[in-house]
Structures are given as C-alpha cells and as structure tokens.
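Chemist:
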Amino acid sequence: MAGGNGELKLLGMWSSPFVTRAKLALHIKCLPYEYVEEDLGNKSELFLSSNPVYKTVPVLIDNGKPICESSVIVQYIDDAFPGVGPSLLPADPYERAVARFWAAYIEDKVVTSWAPVFRVKTDEERAEAVRQTVAAVEVLEGGLKECSGGKGAFFGGDSVGYVDVLLGGLVSWLKANEPLTGTKLIDAAKTPLLAAWMERFCELDMAKAVLQDVDAVVEYAMALRARLAASAGNN
Amino acid sequence: MAAKEELKLLGVDVSPFAIRAHMAVVIKGVSCEYVVEDLSNKSELLLSSNPVYKKVPVLIHNGKPICESLVIVQYVDEIFSGDGVPSILPTDPYERAIARFWAAYVDDKFFPVLRGIVLALTEQERVEKATETLAAIEPLEEAFAMCSKGKAFFSGDSIGYVDLALGSLLVWIEAIRRMYNIEIISASKTPRLSAWAERFGESAAAKEVLPEVDKAVQFGKMLEAAASAAAASK
Numbered sequence: 001m002a003g004g005n006g007e008l009k010l011l012g013m014w015s016s017p018f019v020t021r022a023k024l025a026l027h028i029k030c031l032p033y034e035y036v037e038e039d040l041g042n043k044s045e046l047f048l049s050s051n052p053v054y055k056t057v058p059v060l061i062d063n064g065k066p067i068c069e070s071s072v073i074v075q076y077i078d079d080a081f082p083g084v085g086p087s088l089l090p091a092d093p094y095e096r097a098v099a100r101f102w103a104a105y106i107e108d109k110v111v112t113s114w115a116p117v118f119r120v121k122t123d124e125e126r127a128e129a130v131r132q133t134v135a136a137v138e139v140l141e142g143g144l145k146e147c148s149g150g151k152g153a154f155f156g157g158d159s160v161g162y163v164d165v166l167l168g169g170l171v172s173w174l175k176a177n178e179p180l181t182g183t184k185l186i187d188a189a190k191t192p193l194l195a196a197w198m199e200r201f202c203e204l205d206m207a208k209a210v211l212q213d214v215d216a217v218v219e220y221a222m223a224l225r226a227r228l229a230a231s232a233g234n235n
Numbered sequence: 001m002a003a004k005e006e007l008k009l010l011g012v013d014v015s016p017f018a019i020r021a022h023m024a025v026v027i028k029g030v031s032c033e034y035v036v037e038d039l040s041n042k043s044e045l046l047l048s049s050n051p052v053y054k055k056v057p058v059l060i061h062n063g064k065p066i067c068e069s070l071v072i073v074q075y076v077d078e079i080f081s082g083d084g085v086p087s088i089l090p091t092d093p094y095e096r097a098i099a100r101f102w103a104a105y106v107d108d109k110f111f112p113v114l115r116g117i118v119l120a121l122t123e124q125e126r127v128e129k130a131t132e133t134l135a136a137i138e139p140l141e142e143a144f145a146m147c148s149k150g151k152a153f154f155s156g157d158s159i160g161y162v163d164l165a166l167g168s169l170l171v172w173i174e175a176i177r178r179m180y181n182i183e184i185i186s187a188s189k190t191p192r193l194s195a196w197a198e199r200f201g202e203s204a205a206a207k208e209v210l211p212e213v214d215k216a217v218q219f220g221k222m223l224e225a226a227a228s229a230a231a232a233s234k
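So the protein lines, in turn, are chains A and R.
Residue numbers for the first sequence follow the UniProt record's numbering, so the first one is 1 and each next one is one higher.
Residue numbers for the second sequence follow the UniProt record's numbering, so the first one is 1 and each next one is one higher.
1) Pop quiz: V113/R and K129/R are said to be a contact at Cβ under 8 Å. What is the actual Cβ separation, rounded to whole angstroms?
2) Quick test of your reading: E141/A and V98/A, contact by CB under 8 Å. State the CB separation rounded to the nearest angstrom.
3) Should K208/A be labelled buried (16 or more other beta-carbon atoms within 10 Å of its own) or exposed?
4) Are the region 111-121 of chain A and the region 130-138 of chain A touching, with three or more C-beta to C-beta distances below 8 Å?
5) Pop quiz: K221/R and D13/R are said to be a contact at Cβ under 8 Å. What is the actual Cβ separation, rounded to whole angstroms?
6) Please list, in chain order, the chain A residues whose beta carbon lies closer than 7 Å to that of E6/R.
7) Relative to the ligand MN, is the shortest distance from any of its heavy atoms to the C-beta of Y33/A smaller than 7 Å?
8) Is it right to say D92/A is buried, meaning 16 or more other beta carbons lie within 10 angstroms of its own, or is it exposed?
9) Check the Cβ-Cβ distances between R111/A and every residue of chain R, and say whether any is below 8 Å.
10) Answer with buried or exposed for G63/R, where buried requires no fewer than 16 other C-beta atoms within 10 angstroms of its C-beta.
11) Rounded to the nearest angstrom, how far is the Cβ of L26/A from that of L10/A, given a contact under 8 Å?
12) V36/R by DSSP, collapsed to three states: which one?
13) Please classify L7/R: does DSSP put it in a helix, a strand, or coil?
14) Is there contact between the region 189-200 of chain R and the region 41-55 of chain R, where contact requires at least three CB pairs shorter than 8 Å?
15) Report all residues from its chain with a CB closer than 6 Å to the CB of N177/A; omit the five preceding and five following residues, and keep chain order.
16) Against G79/A, what residues of chain R qualify as contacts under a CB-to-CB distance less than 7 Å, listed in chain order?
17) Evaluate N42/A with the Cβ neighbour count: other Cβ atoms within 10 Å of its Cβ, from every protein chain shown; 16 or more gives buried, anything less gives exposed.
18) Report the rounded CA-to-CA distance for S158/R versus L204/A, giving the unit in angstroms.
19) Ordered along the chain, which non-local residues of its own chain (more than five positions away) have a Cβ less than 7 Å from that of L24/A?
20) Helix, strand or coil for L59/R per DSSP?
21) Pick helix, strand or coil for M1/R, following the three-state DSSP scheme.
22) Of the residues I27/R, K54/R, A104/R and P93/R, which one's Cα is nearest the Cα of G84/R?
23) Taking the alpha carbon of R126/A as the reference point, which residue from T183/A, S71/A and L194/A has its own alpha carbon closest?
24) Where does E7/A sit, in a helix, a strand or coil, going by DSSP?
25) Residues of chain A with CB under 9 Å from E68/R, in chain order?
26) For A232/R, count neighbouring C-beta atoms within 10 Å of its own C-beta (all shown protein chains included) and say buried if the count is 16 or more, exposed if not.
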C-alpha cells in the first residue's frame, strides 16, 4: 500500500502557495518528508520526469511514484495515510461533496481570477483581476458559513480540513495582495468570517511552521512585476 | 438502494457536465428522475439549488443539492457502493490520484481549448484553438496507455472517472468534426483514444445517456451566434 515505507519527497519552490498546501497537509498528518527546493530556471531531471505534463511544483514523490497538482496531492495524503493524524475530508459523503465544491470554487474562481494579477502588464488589467478576485472571495464567505455550519471556526468544522488547507496555502499571498495592489483581499469589513478564519489559521502551529514570510512574498512578487514590465518595454 | 431515496438530476442533454453526472447514476443502476432544464429560462429549483453558479448539472438527493459534475460523480460513487456495484474511482490511493490528475487535466487544459473552437470569432482564432486542442489531446493518448494497462477503458474493464471526464466530451468532439471538419480524435493520430471512443459509445450507459450529435451541432451553432453577437455589441 502506498505510504508504507515512509519515503516521501516534496519538490517545491519556497514562494509557491501550491507547495505550501502540500506542506500544510504533510504537517497536519505529521508525515516526515524530504523537501527539495527546485530552481525553476534550471529544472532538475527528477522534476521534469516526475511532472512532464505541467513541469510545475509541487510534486510529491511517494516511494518513487510522483503525484502532481496541489489539490490531488492533498487528497492523496489524506487517502494514503488514513490511520495517521486527522482526516482532512469529512466522513459524511454529503459534507465531503460540499467540501469538494468549495475546494473547486477556490481553484476555479478565486485562484483563476487572481493569478492574472501577477502576470498582466498594465495597471488597468491588474485592477480588473483584483476586482474579480474580491468578488470571488465574497462568495467564498458564504462557503465558510456553509461549511463551518456553526460547528466551529474552520471550513472543516472544529479543526482544519481539506478546504482550509487549500485556502491556507494561499494565506501569505492573500496578505501580500494589499501591499502589492492596494486592495485587501480578505477585508474584515466585507468578509468578516474569512477575516476571522485567517487570523485563527495563522495562530496554528502548522501555519507558523509552514507559511512564507509575507514581506518575502511581496519582494518576490515585486521583482516578478519588474521583470514583466521590463520585458513589456522591450516589445 | 434504500427505500424512499429520492434522486433528481437537473441537466441538459448536450452538456458534457450533465452527461458525466447522468452516466454515473446509470452506471450505478440507481433510479433517478432526469429533469431537462431550459437554460434560457432556468427553473426556480435550479437557481435555488445552485445559487453560486446557477448551472447544470445539479444532483438533488433527498432534497439536498450537490453541484459540479466531478463532485457529483464522486458523491454518487461513494453513496452507491458495495457488492456488485461498479466503482467509478479506484480504491488504491495512488490510482485515485492519477485518475484525479487526468480528470483535472481534461477540465483545465483540454476542455477550454476545445470549447474555444466553437466560440472562436475568426477563422484564424478557430485554427489556433484547433491546434491547441490537438496538442492538448496528445498527453491523453499517452495517459490512456498508462492508465488502461491494456484494458478497454482508462479505469480498466469498465467505465471510470477519467472515462467519464473525457467521454462526456465525445459528442462535442464529433460535433466539431461535422461543423468544421476538424478531427480531434482520429485513428491515424490518436489510435488508442479512437478505439476507446468507439468502446465508450457502445457502452450501455453511453447509449442511454448520450444525445444525438446533431443536437450538439445545433447547440454549437447557437453558441457561435451568441459569441458573435456578444462581440459585435462590445
């Protein structure tokens, strides 16, 4: 069965929020692993052969077998180590469906609207992407209400679950959005539940252990933006 | 299935997402009321069951809605399981991860460019999207060999998760061939997928659920018109 021999390797890049998701899941399950920081400008053989389709991080390698795509990795960690640490997905099938729905929402609406903020070249395009992301986050507030169902403080109820991990991986970047664009993505005035969630999440040991320093993320994103602007200037 | 289980599926015949959900229910052999929605006049039930997206499919199980096609498929797989009931997702965690990876690939990489062929506003754009689609199908041709391990479907002997994810698009792949003479799956370029597509189409569940290709062609023409109109009004 997968995960028996304890040889887990995570290929990642320090700033990637998707890698952070994998680290959070591994931390929750108390699973030891070897972390390999990939140089995305000079990708290793192992990396390229483990993720030939996308050539992106994270890649989890379990006893030589690669798993790609952060949400797939997190679900794999939950599936492959059932007796180890807490479950990330709820036990009830309907609650699982609700969790999966909101996980998909985060990918399809929040992340998809937001990614262009870091890729586009004009301020107008960036503002539009931010606007769409804010709108998506406002809907997610409803998701947190539905998932936590009065039971507790997280999408997973009393404790961190699948959706918390997927959103949690993004937290340093969520916080970085304000210094980078002038807009708070999670604003207590507009999305009080999510704002409280973020505070609560950041207090957890796993967050303290795993989340990137926000200033480092801001610096990284600014450098990225400068490079993009420079290449635009050269066109 | 327990007595008094009420299953209702809101869908549209030509929607690949509704096709996935519908086929999953048929594969499980459970009885389900299929309600065809008029997308230009969505029912109160649809709007209240899927307030976030207001889209089909929506599965309503004993009054509780489940939305998003792959979420529905996984839910149906988990709720209706046991001796003699076919499984849609594999039980092995690694195989599940591979299945989830390829289903996500279909939705994230393949579907958007496939749809782009129909929504293209110029011939040049259509050719671009077709080229991208032909590139996007190649990893799936390779994946079939790896996943099927010589058997009939991505999942093995019977239709599974990735089969549903990609198979639900076959009607549109054929519609695109008829509309634009663009062959996404062909015996010469994608022989494995070509043979798999035939087997998929011959399955009992596909025969029960898949609409006539001409329905998709008609719908495609409507989408084309809507896309042009939207562009013209900008």
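In this text, a Cβ means the ideal position worked out from N, Cα and C, and glycines have one as well.
No experiment lies behind these values; they were computed from the predicted model shown.
Modeler: Taking the definition as stated:
1) As a first step, residue 113/R must be located in the second sequence, where it is residue number 113. As a first step, residue 129/R must be located in the second sequence, where it is residue number 129. Contact check for V113/R and K129/R: beta-carbon distance about 5 Å, within the 8 Å limit, so the pair qualifies.
2) One-based indexing of the first sequence puts residue 141/A at position 141. One-based indexing of the first sequence puts residue 98/A at position 98. That pair is no contact at about 15 Å.
3) Your numbering for residue 208/A matches position 208 in the first sequence. Burial call: exposed.
4) Contact between the region 111-121 of chain A and the region 130-138 of chain A is present: 3 or more CB-CB pairs across the two stretches fall below 8 Å.
5) As a working mapping, residue 221/R is identified with position 221 in the second sequence. As a working mapping, residue 13/R is identified with position 13 in the second sequence. So it is not a contact: roughly 15 Å between Cβ atoms.
6) As a first step, residue 6/R must be located in the second sequence, where it is residue number 6. Residues of chain A passing the Cβ test: none, with the nearest at roughly 14 Å.
7) Annotation note on the ligand MN: not contained in the displayed structure, which lists no ligands.
8) Start at 1 with the first residue of the first sequence, and residue 92/A comes out as number 92. Exposed, because fewer than 16 other Cβ atoms sit within 10 Å of the Cβ of D92/A.
9) Residue mapping note: residue 111/A aligns to position 111 of the first sequence, counting from 1. Per the sequence presented here, residue 111/A reads as Val, with Arg not at that position. False, the Cβ-Cβ gap to chain R never drops below 8 Å.
10) Stepping through the second sequence from its first residue, residue 63/R is reached at position 63. Exposed: under 16 other Cβ atoms inside 10 Å.
11) Stepping through the first sequence from its first residue, residue 26/A is reached at position 26. Stepping through the first sequence from its first residue, residue 10/A is reached at position 10. Yes, L26/A and L10/A are in contact; Cβ-Cβ is about 7 Å, under 8 Å.
12) Numbered from 1 along the second sequence, position 36 holds the residue referred to as residue 36/R. Looking at V36/R - three-state DSSP - the assignment turns out to be strand.
13) As a first step, residue 7/R is located in the second sequence; it is residue number 7 there, counting from the start. DSSP, reduced to helix, strand and coil, places L7/R within a strand of the structure shown.
14) Contact fails between the region 189-200 of chain R and the region 41-55 of chain R, because fewer than three Cβ pairs, one in each stretch, are under 8 Å apart.
15) Here residue 177/A corresponds to residue number 177 of the first sequence, with the count starting at 1. Result list for N177/A: L185, in chain order.
16) Position 79 of the first sequence, counted from the start, is the residue given in the question as residue 79/A. Reading off the sequence shown, one finds Asp at residue 79/A, where the question assumed Gly. What D79/A touches in chain R: P93 and R96.
17) Here residue 42/A refers to the residue found at position 42 when the first sequence is read from its first residue. Classification for N42/A: exposed.
18) The sequence position of residue 158/R within the second sequence is 158, counting from 1. The sequence position of residue 204/A within the first sequence is 204, counting from 1. So the two alpha carbons sit approximately 44 Å from each other.
19) Taking the first sequence and counting its residues from 1, one reaches residue 24/A at position 24. The answer, listed in chain order, is V165, G168, G169, M206 and V210.
20) Here residue 59/R is taken as the residue at index 59 of the second sequence, counted from 1. In the three-state DSSP reduction, L59/R falls in the strand class (E or B).
21) Position 1 of the second sequence, counted from the first residue, corresponds to residue 1/R. Because M1/R carries a pLDDT of 49, less than 50, the predicted location of this residue cannot be relied on, and no value is offered for it.
22) Locating residue 84/R in the second sequence gives position 84, counting from the first residue. Checking every option, the nearest Cα to that of G84/R belongs to I27/R.
23) If you number the first sequence from 1, residue 126/A lands on position 126. The candidate whose alpha carbon is nearest that of R126/A is T183/A.
24) Your numbering for residue 7/A matches position 7 in the first sequence. Secondary structure at E7/A: coil, using DSSP grouped into helix, strand and coil.
25) Position 68 of the second sequence, counted from the first residue, corresponds to residue 68/R. Going along chain A in sequence order, the residues near E68/R (Cβ under 9 Å) are A97, R100, F101, A104, Y105 and D108.
26) On the second sequence, position 232 is the one that residue 232/R refers to. A232/R should be labelled exposed.
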